[in-house]
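Just below is one structure, and these are the notes that go with it.
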Amino acid sequence: MGAGWPPSRFWQYWAIAGMLVLTGTFWWAVEGYAIFQTARPANQIADGLLRFSLLALTPTLLLVWIVAAPLRRRVGDGGYWQLLGIVAMIWAASILITRILWA
Numbered sequence: 001m002g003a004g005w006p007p008s009r010f011w012q013y014w015a016i017a018g019m020l021v022l023t024g025t026f027w028w029a030v031e032g033y034a035i036f037q038t039a040r041p042a043n044q045i046a047d048g049l050l051r052f053s054l055l056a057l058t059p060t061l062l063l064v065w066i067v068a069a070p071l072r073r074r075v076g077d078g079g080y081w082q083l084l085g086i087v088a089m090i091w092a093a094s095i096l097i098t099r100i101l102w103a
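In terms of my numbering, the sequence shown is residues 1 to 103.
And the structure:
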């Protein structure tokens, strides 16, 4: 099953990853915006990280997921999943650090 998979398998995994990406980004957009509107910043680092994750990292994660076809042609299947994984890990880490600093 390794390298001989048909190309349509990529799109099946892409759709599954999309469920996680879309759910996560929608959740953080709502949750982060609510924190931004209601809570006073605990410190400047937490406030800056909150703004950066909402304004830069969340759209970047969505963009990397949406432009799968051109990225797949350019970097291959494995490269695309590595890129999506790196962006997702940076996004998740910034949210985790923001939540820790805000608490």
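Where is the CB? At the ideal position from N, CA and C, for every residue including glycine.
- Nearest to Tyr33 by C-alpha distance, out of Gly79, Arg74, Leu49, is Leu49.
- DSSP places Ala92 within a helical segment (H, G or I) once states are collapsed to three.
- Going by DSSP, Ala46 is part of the alpha helix (DSSP H) stretching over 44-52.
- By the 16-neighbour rule on beta-carbons within 10 angstroms, Ala93 is exposed.
- About 12 angstroms separates the CB atoms of Leu101 and Ala39; that is not less than 8 angstroms, and the two are not in contact.
- Leu54 is positioned such that its CB atom lies no closer than 9 angstroms to that of Phe26.
- Assigned with DSSP and collapsed to three states, Ala17 falls in helix.
- Look at Ala29 here: in three-state DSSP terms it is helix.
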